[in-house]
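Take any residue in the sequence shown, note its place counting from 1, add 5, and you have its number in the working numbering.
Ideal Cβ positions, reconstructed from N, Cα and C, are used throughout, including at glycine.
Data block below; observations after.
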Amino acid sequence: REVYRRTTPDLVAGQEDWVSAIFTANRDKDTITVVARWTNAESYERFKASDEYVEVMAGLARYFAHPPTVEVNEILVEL
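Structure follows, in structure tokens:
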């Protein structure tokens with residue numbers, strides 16, 4: 006949690022289309038889910054390919070059993 010807090014703000018600081026992120030844990034399944042909100046999927050895809058993102062993800066890899074699974078979803082309803 007603290008590593009995510011330390012790395013994320015600087016990483017997304019220059020990203021105009023980044024909106025917010027939620028870092029969640031399912032302790033029963035021992036999984037972490039990050040829900041990142043972006044204005045559009047193309048901006049996220051460019052961000053994900055950036056050297057900065059790749060470097061940070063490589064540094065975080067030691068904390069996880071396997072590489073992340075990434076899905077891009079459309080928000081249909083927000084209450």
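Local conformation of residue i per DSSP, three classes
i   : result
T12 : helix
A41 : strand
Where residue i falls, given that 16 or more other Cβ within 10 Å makes a residue buried
i   : result
Y49 : buried
V24 : exposed
Nearest candidate by alpha-carbon position, reference residue i, set the options
i   : options            : result
F69 : E76, D15, T36, R11 : T36
R42 : D22, P72, L16      : D22
F52 : R11, D33, D15      : D15
T44 : Q20, H71, R10      : Q20
Other residues of its chain near residue i: CB distance less than 6 Å, five sequence neighbours each side excluded
i   : result
V77 : A46
8 Å Cβ shell around residue i - same chain, five flanking residues per side excluded
i   : result
V40 : A26, I27, T29
R67 : none
Cβ distance (whole Å) where residue i is taken to contact residue j below 8 Å
i   : j   : result
L84 : V8  : Contact doesn't hold; Cβ gap of about 31 Å is too wide.
T12 : V59 : Incorrect: roughly 13 Å between the Cβ atoms, too far for contact.
Closer than 8 Å to chain B by CB, residue i
i   : result
R11 : In summary, chain B is missing from the structure at hand, where a single protein chain is found.
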